[in-house]
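Chemist: Submitted below is the structure of interest, expressed as structure tokens.
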Amino acid sequence: MTHLCQSCSKRRGGALLLSVVAVMVVSILAAGFLNLTLSVTRRMNASADSARALELAEAGLAEAYTGLALARTGAIGSEAAPAVFGDGLLWVETIEHAGGRVELRSTALHGSGRATLGLVAQPTALGVGSLGFFTSEDLRLNPDVRLDSYDSALGTYADQMNTALNNKGIVGSNGDVSVASGNLIFGKIIIGTLGTVDLASGAIVTGGTSQRADDEVLPPVDVPPLTATTSLKFIGATPKIVAPGELAYQTLSVGKASNMVLTGPMTLVVDDLKLGLGAELVFDTTDGPIQLYVKNSLDMATSSIVSTSTQVTSDTQIYVSAPAGKSVNFGAKSQFYGFIYAPEAEIHISAQYELYGGLVCKELQLAAQGKMHYDLALGATLKSTLPVLQAWRVVEMPTSIATVRKDPFAVMGLEKNALLALGEAHADQLLDIRYETSGGATKSYLGLESEFDWSEVALLLYGSRDGLAFFLPDDYGEGDIVASDPLVDLVESSLSSKQLRDQLLAASPVSSDALIAACGRDPAMSSSDLDSVLDANYPLGSDVLLAAVASAALSSSALKDALIAHSPLAPEVLDAVLARQPPLSSSDLSNVLAKQ
Amino acid sequence: MKPTSSQRAGWTLVELMLAAGLTGLVMTKAALVLREAFGAAGRSTAAMHPEDQARALMERISLAIMGSDRDTLFPAAESVHTSQIRYSMSLGLEDGELVWSEPEEIRLDGSAVEWRENPGAADERRVTWTSLVSPLLAGEVVNGEDDNGNGLVDEEGLSFELDGDSVHIRLTLRRPEVDGRTVEQTVESVVCIRN
Numbered sequence: 141m142t143h144l145c146q147s148c149s150k151r152r153g154g155a156l157l158l159s160v161v162a163v164m165v166v167s168i169l170a171a172g173f174l175n176l177t178l179s180v181t182r183r184m185n186a187s188a189d190s191a192r193a194l195e196l197a198e199a200g201l202a203e204a205y206t207g208l209a210l211a212r213t214g215a216i217g218s219e220a221a222p223a224v225f226g227d228g229l230l231w232v233e234t235i236e237h238a239g240g241r242v243e244l245r246s247t248a249l250h251g252s253g254r255a256t257l258g259l260v261a262q263p264t265a266l267g268v269g270s271l272g273f274f275t276s277e278d279l280r281l282n283p284d285v286r287l288d289s290y291d292s293a294l295g296t297y298a299d300q301m302n303t304a305l306n307n308k309g310i311v312g313s314n315g316d317v318s319v320a321s322g323n324l325i326f327g328k329i330i331i332g333t334l335g336t337v338d339l340a341s342g343a344i345v346t347g348g349t350s351q352r353a354d355d356e357v358l359p360p361v362d363v364p365p366l367t368a369t370t371s372l373k374f375i376g377a378t379p380k381i382v383a384p385g386e387l388a389y390q391t392l393s394v395g396k397a398s399n400m401v402l403t404g405p406m407t408l409v410v411d412d413l414k415l416g417l418g419a420e421l422v423f424d425t426t427d428g429p430i431q432l433y434v435k436n437s438l439d440m441a442t443s444s445i446v447s448t449s450t451q452v453t454s455d456t457q458i459y460v461s462a463p464a465g466k467s468v469n470f471g472a473k474s475q476f477y478g479f480i481y482a483p484e485a486e487i488h489i490s491a492q493y494e495l496y497g498g499l500v501c502k503e504l505q506l507a508a509q510g511k512m513h514y515d516l517a518l519g520a521t522l523k524s525t526l527p528v529l530q531a532w533r534v535v536e537m538p539t540s541i542a543t544v545r546k547d548p549f550a551v552m553g554l555e556k557n558a559l560l561a562l563g564e565a566h567a568d569q570l571l572d573i574r575y576e577t578s579g580g581a582t583k584s585y586l587g588l589e590s591e592f593d594w595s596e597v598a599l600l601l602y603g604s605r606d607g608l609a610f611f612l613p614d615d616y617g618e619g620d621i622v623a624s625d626p627l628v629d630l631v632e633s634s635l636s637s638k639q640l641r642d643q644l645l646a647a648s649p650v651s652s653d654a655l656i657a658a659c660g661r662d663p664a665m666s667s668s669d670l671d672s673v674l675d676a677n678y679p680l681g682s683d684v685l686l687a688a689v690a691s692a693a694l695s696s697s698a699l700k701d702a703l704i705a706h707s708p709l710a711p712e713v714l715d716a717v718l719a720r721q722p723p724l725s726s727s728d729l730s731n732v733l734a735k736q
Numbered sequence: 290m291k292p293t294s295s296q297r298a299g300w301t302l303v304e305l306m307l308a309a310g311l312t313g314l315v316m317t318k319a320a321l322v323l324r325e326a327f328g329a330a331g332r333s334t335a336a337m338h339p340e341d342q343a344r345a346l347m348e349r350i351s352l353a354i355m356g357s358d359r360d361t362l363f364p365a366a367e368s369v370h371t372s373q374i375r376y377s378m379s380l381g382l383e384d385g386e387l388v389w390s391e392p393e394e395i396r397l398d399g400s401a402v403e404w405r406e407n408p409g410a411a412d413e414r415r416v417t418w419t420s421l422v423s424p425l426l427a428g429e430v431v432n433g434e435d436d437n438g439n440g441l442v443d444e445e446g447l448s449f450e451l452d453g454d455s456v457h458i459r460l461t462l463r464r465p466e467v468d469g470r471t472v473e474q475t476v477e478s479v480v481c482i483r484n
């Protein structure tokens, strides 16, 4: 045994040496691979963090951008108290510029990734389709124009004449409005914040006048990026059919006595549009809408014709981006169902260009006796509350943020759980809302939004932030139109008896409400004028006959004729006749009774 | 019989040779393993650099194009690819008005990607972003055919293809290594023009 141990001790160390060598080799290999793996991981993380930071910054911009549409300021969190989203941090700063433009800057940090993006937006409080007939400059109407309304979603204009829907026109401006003699405005006038109304004698405005809380900012026309390389100048005996699609022309002209049909769906961009004498331009929107963008000038000769294949006003839209000073002349003969938007142009519309839809422009020259009928459905179809995005860019981020590429929570000393989520980190504002709870109760709240519990709201009825509405009921702004029938307002206006007779005769047959109002008018119509109006609206209902019997305006003889014409009378009418003060003459009463 | 001390000490020649041979074998093997491992690590690291460079360059080009104004983009023609693109990009608002940059250009010049401000003008400013661009995109040969199946014919190492408001960017970097090998890295991206 001793021998063996002595032998072992002499060879001790050989295996150890080999083991050490092997361990060293394996260790070096392991260290090398670990280093390589760490390097790859760091590299991949850095790349992923960079991409995630960019996406976070985009998310911040998107949240702020949509916030602007809801009357929020756009600011989200701050560098001291950023919002948390995913595993990153972000905040959005806003800078308000003249003209209402808002610049948003979204800074995001994720791992080692950093990104700052900027966006310029132009908030729009109302969709331009809701503005009715609107000019951003002063509006001066020529004599004898008629501006009223209808709802294309509920029927044709003809069906809605002299109904409540005919009495909801909107004539607006950011400045003054001058209403000339003979103007009939069935609806209301909304002037600018500093504007005034000049109402000439003989002009009628059924819905009164109000002042807008803020002047409207008209967003610029967003012309599609289509490049025009050629012109289309058509002259021919057979109609020229322009196929659907996205098209651009330098000049689009339809020559003398020629006919061109634009077929939807179509987006057409032209520098200049010209219709010659007797030329006809048809907007065929049977298969889809047509958006026509005019970048420079538009000129429709007096004897030209423009028509639309359907009466859907949102299907035909004309956008004019031409600056002021360029000729924009709608001189054609037309019953045009569509929407015209020209925020920088002065628009000339002839009396024979009858517009059904809406018109928003900088300045308007509507010829005497012109007619425009605002389509109430346009407000819903063209409403766009999203701000107009004007520019996006990558912003150089502050050095203090860019240089330290470590976990942002550690760098900024923030606790993730103590931070607000992206959607909850909007800047606090004064919230004014009216709402229904889940129990059906109607409540209102006025105070800081941070102190309001939105879970109480089952149905929002009205909402504003810092005085700027973000949710309005459908009938908002219609409260000051009191009459259901524009002719009732006409009866109650200051027109003379003769003027009123002429207007009512021209509008006959008129509603029972208008006839009843005419019978009870103060000051009263003359007996002959009232008799003429009643006579033109035979047969009369019992309610109208009752009003006629009660009217002191009708002479005994005129009333007798009306009663005999409607005999035998209903018992309540007969009772009213017998009780009338002053009574009918005995001979007239005898004649009436003889017919029963 | 007790063994003498000379018998107990030392190794036989056979034992020595065997031990030396085995040790040498183990050491040689270990050296080979180390060499192979370091070689693999080196190759991997070498491949990373062009990929990093390609991705960084792609991000730079992408962000420039994303922030550009679509109306100023040139060439504006779709369905043709090009190795240079000119644009103006948003600089934000100044005194309430939108400000756009002077014309800028990203172009392939030989094997270099250059960014130029006011290209062709007297006050032109240029910066070389990389000098490692392959003459042709990976898999492509100058033969009038689409060799790499991406729909483009004989495209260069940097190519831009416009499709509506989107730009398809393709880039191949090629870097010679000290051991004579060439590392090639291709990246591509589709970005949407935001303005």
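Protein sequences, first through last, are from chains A and B. Read left to right, the first sequence gives residues 141 to 736 (our numbering). Read left to right, the second sequence gives residues 290 to 484 (our numbering). Backbone N, C-alpha and C define an ideal beta-carbon position, used for all residues, glycine too.
Can you pull out the residues from the region 328-358 of chain A whose beta carbon lies closer than 7 Å to at least one beta carbon of chain B?
Modeler: For the region 328-358 of chain A, which is checked against every Cβ of chain B, not one residue is closer than 7 Å.
Chemist: May I ask you to report which of helix, strand or coil DSSP gives E473/B?
Modeler: Counted from its first residue, the second sequence places residue 473/B at position 184. In the structure shown, E473/B sits in a strand (DSSP, three-state: E or B).
Chemist: What are the residues of the region 324-342 of chain B that lie near chain A, defined by any Cβ-Cβ distance shorter than 9 Å?
Modeler: For the region 324-342 of chain B, which is checked against every Cβ of chain A, the residues closer than 9 Å are A326, F327, A329, A330, S333, T334, M337, E340, D341.
Chemist: Starting from the beta carbon of M306/B, find every residue of chain A whose beta carbon is closer than 8 Å, and list them in chain order.
Modeler: Residue mapping note: residue 306/B aligns to position 17 of the second sequence, counting from 1. Chain A residues near M306/B: none, gap ~15 Å exceeds 8 Å.
Chemist: Count the other C-beta atoms from every protein chain shown that fall within 10 angstroms of the C-beta of N302/A, then say buried if there are 16 or more, exposed otherwise.
Modeler: To locate residue 302/A, count along the first sequence from 1; it is residue 162. Label assigned to N302/A: buried.
Chemist: By the 10 Å Cβ neighbour count, where 16 or more other Cβ atoms means buried, how is V467/B classified, buried or exposed?
Modeler: In the second sequence, the residue the question calls residue 467/B occupies position 178. By the neighbour-count rule (16 or more Cβ atoms within 10 Å), V467/B is not buried but exposed.
Chemist: Among the residues of its own chain, which have a CB less than 6 Å from the CB of D443/B, if the five just before and after it don't count?
Modeler: As a first step, residue 443/B must be located in the second sequence, where it is residue number 154. Contacts found: V431.
Chemist: Within a Cβ cutoff of 8 Å, which residues of the same chain sit near S455/B, ignoring the five residues on either side of it in sequence?
Modeler: Sequence index remark: in the second sequence, residue 455/B carries index 166 (1-based). Excluding sequence neighbours, S455/B sits near V479, V480, C481, I482.
Chemist: When you compare the CB of R182/A with every CB in chain B, is at least one pair closer than 7 Å?
Modeler: Here the question's residue 182/A lines up with position 42 in the first sequence. Output row for R182/A: interface = no.
Chemist: Could you tell me which residues DSSP pairs with Y585/A in its beta bridges?
Modeler: If you number the first sequence from 1, residue 585/A lands on position 445. Paired residue(s): I573/A.
Chemist: Could you give the DSSP three-state label for H237/A: helix, strand or coil?
Modeler: Walking along the first sequence from the start, residue 237/A turns up at place 97. Correct three-state label for H237/A: coil.
Chemist: So with CB distances below 7 Å, who are the chain A contacts of S379/B?
Modeler: By one-based count along the second sequence, residue 379/B stands at place 90. In chain order: A531, W532, R533.
Chemist: Might you give, ordered along the chain, the residues of its own chain that have their beta carbon closer than 7 Å to the beta carbon of L397/B, omitting 5 neighbours on each side?
Modeler: Here residue 397/B corresponds to residue number 108 of the second sequence, with the count starting at 1. Within the same chain, L397/B has close Cβ partners S372, Q373, V422, E445, G446, L447.
Chemist: Please determine, among E393/B, L302/B, A326/B, the residue with the shortest C-alpha to C-alpha distance to I350/B.
Modeler: Numbered from 1 along the second sequence, position 61 holds the residue referred to as residue 350/B. That would be E393/B, whose Cα lies nearest to the Cα of I350/B.
Chemist: Taking the C-alpha atoms as reference points, what is the distance between V311/A and L294/A?
Modeler: Numbered from its first residue, the first sequence carries residue 311/A at position 171. Numbered from its first residue, the first sequence carries residue 294/A at position 154. Approximately 22 Å, taken between the alpha carbons.
Chemist: Per DSSP, M337/B forms a beta bridge with which residues?
Modeler: Residue mapping note: residue 337/B aligns to position 48 of the second sequence, counting from 1. Beta-bridge pairing links M337/B to no other residue.
Chemist: Quick one: give me the first and last residue of the alpha helix (DSSP H) that D384/B is part of.
Modeler: Here residue 384/B is taken as the residue at index 95 of the second sequence, counted from 1. Per DSSP, D384/B belongs to no alpha helix (DSSP H) and is neither H nor E.
Chemist: For D360/B, return the contacting residues in chain A, with the cut-off set at a CB-CB distance below 8 Å.
Modeler: What you label residue 360/B is simply residue 71 of the second sequence in a count that begins at 1. The answer, in chain order, is P365.
Chemist: Nearest chain A C-beta to A345/B closer than 7 Å, yes or no?
Modeler: As a first step, residue 345/B must be located in the second sequence, where it is residue number 56. So no, A345/B is outside the interface.
Chemist: Have a look at M400/A and V402/B and give me their C-alpha separation to the nearest angstrom.
Modeler: For this step, residue 400/A is matched to residue 260 along the first sequence. For this step, residue 402/B is matched to residue 113 along the second sequence. Using only the alpha carbons, I get a separation of about 50 Å.
Chemist: I'd like the span of the beta strand (DSSP E) that includes D288/A, first residue to last.
Modeler: Reading the first sequence from its first residue, position 148 is the one you call residue 288/A. First-last of the beta strand (DSSP E) with D288/A: 286-290.
Chemist: Which residues mark the beginning and the end of the alpha helix (DSSP H) in which P483/A is found?
Modeler: Here residue 483/A corresponds to residue number 343 of the first sequence, with the count starting at 1. First-last for P483/A: 473-489, but that is the beta strand (DSSP E), not the alpha helix (DSSP H).
Chemist: Give the secondary structure of A211/A by DSSP, where H, G and I count as helix, E and B as strand, and everything else as coil.
Modeler: For the purposes of this step, residue 211/A is identified with residue 71 of the first sequence, where counting begins at 1. DSSP places A211/A in coil when its eight states are reduced to three.
Chemist: What does A319/B touch in chain A if you count any residue whose Cβ is under 8 Å from its own?
Modeler: Position 30 of the second sequence, counted from the start, is the residue given in the question as residue 319/B. In chain order: V161, A162, V165.
Chemist: Measuring alpha carbon to alpha carbon, tell me which residue in S187/A, Q509/A, A482/A is nearest L438/A.
Modeler: Counted from its first residue, the first sequence places residue 438/A at position 298. The residue with the shortest Cα to Cα distance from L438/A is A482/A.
Chemist: Determine the chain B residues that contact A243/A at a beta-carbon separation under 9 Å, and present them in chain order.
Modeler: Looking up residue 243/A in the first sequence gives position 103. Here residue 243/A is Glu; the residue named in the question, Ala, does not match the sequence. Chain B residues near E243/A: G381, L382.
Chemist: Would you report the Cα separation of A410/B and E391/B, rounded to the nearest angstrom?
Modeler: Taking the second sequence and counting its residues from 1, the one referred to as residue 410/B is at position 121. Taking the second sequence and counting its residues from 1, the one referred to as residue 391/B is at position 102. In a straight line, the C-alpha of A410/B is about 11 Å away from that of E391/B.
Chemist: Using the C-alpha atoms, what's the distance from L417/A back to L425/B?
Modeler: Against the second sequence, residue 425/B aligns to sequence position 136. Against the first sequence, residue 417/A aligns to sequence position 277. Straight-line Cα distance between these residues: approximately 58 Å.
Chemist: Quick one: what's got a C-beta closer than 7 Å to G681/A's C-beta in the same chain, skipping five residues either side?
Modeler: Indexing the first sequence from 1 puts residue 681/A at position 541. These residues qualify, in order along the chain: S652.
Chemist: Go ahead and pull the three-state DSSP assignment for P465/B.
Modeler: Residue 465/B sits at position 176 when you count from the first residue of the second sequence. Here P465/B sits in strand by DSSP.
Chemist: Tell me which residue opens and which closes the beta strand (DSSP E) that E555/A is part of.
Modeler: Position 415 of the first sequence holds residue 555/A. Per DSSP, E555/A belongs to no beta strand (DSSP E) and is neither H nor E.
Chemist: State the Cα-Cα distance for the pair Y459/A and E243/A, rounded to the nearest angstrom.
Modeler: For the purposes of this step, residue 459/A is identified with residue 319 of the first sequence, where counting begins at 1. For the purposes of this step, residue 243/A is identified with residue 103 of the first sequence, where counting begins at 1. Cα-Cα distance, rounded: 26 Å.
Chemist: Below 8 Å, can you find three or more Cβ-Cβ pairs linking the region 460-480 of chain A to the region 425-444 of chain A?
Modeler: Segments in contact, yes.
Chemist: Under 8 Å Cβ to Cβ from H250/A, same chain only, skipping five residues before and after it: list those, please.
Modeler: Position 110 of the first sequence, counted from the start, is the residue given in the question as residue 250/A. The answer, listed in chain order, is D189, R192, A193, L196, G226, D227, G228, L229, P548.
Chemist: Does K700/A come out as helix, strand or coil in the three-state DSSP assignment?
Modeler: Here residue 700/A refers to the residue found at position 560 of the first sequence. K700/A: helix per DSSP, three-state reduction.
Chemist: Bridge partners of Y493/A, per DSSP?
Modeler: Locating residue 493/A in the first sequence gives position 353, where the first residue counts as 1. Looking at the DSSP assignment, Y493/A forms a beta bridge with S474/A.
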